[in-house]
Amino acid sequence: MSKSKAAFPLVQIPGYNFNPGISERTYIAVQAMQSLLSMGLYEQADIPRIAYKIADAMINQNSK
Numbered sequence: 020m021s022k023s024k025a026a027f028p029l030v031q032i033p034g035y036n037f038n039p040g041i042s043e044r045t046y047i048a049v050q051a052m053q054s055l056l057s058m059g060l061y062e063q064a065d066i067p068r069i070a071y072k073i074a075d076a077m078i079n080q081n082s083k
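Using this note's numbering, the first residue of the sequence shown is number 20, and each one after it goes up by one.
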């Protein structure tokens, strides 16, 4: 898997505290979780694992 990127990157200004926020991987997983939950086809306990698999697949596909 590639290095974690911020979903909404900001320009870092020297001398200010910088919080990159949510990672791109987590942002994609959250979007996938919403869809999976709305479908009602999966056990709730399985949804985070499936969502992160989807996110990883998307990130890996984009890095090709």
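Quick reminder that beta carbons are idealized off the backbone N, C-alpha and C, glycines included.
Fair warning: this is a prediction, and the values are worked out from it, not measured in the lab.
- Linking S57 to A70 through their CA atoms gives a straight-line distance of about 13 Å.
- The residue from M77, K83, S82, N81 with its alpha-carbon nearest to that of A48 is M77.
- Residue pairing for S42: DSSP places it in a beta bridge opposite A25.
- In the three-state scheme derived from DSSP, where H, G and I count as helix and E and B as strand, N36 is classed as coil.
- Remark: C-beta atoms of A64 and S42 do not approach each other more closely than 8 Å.
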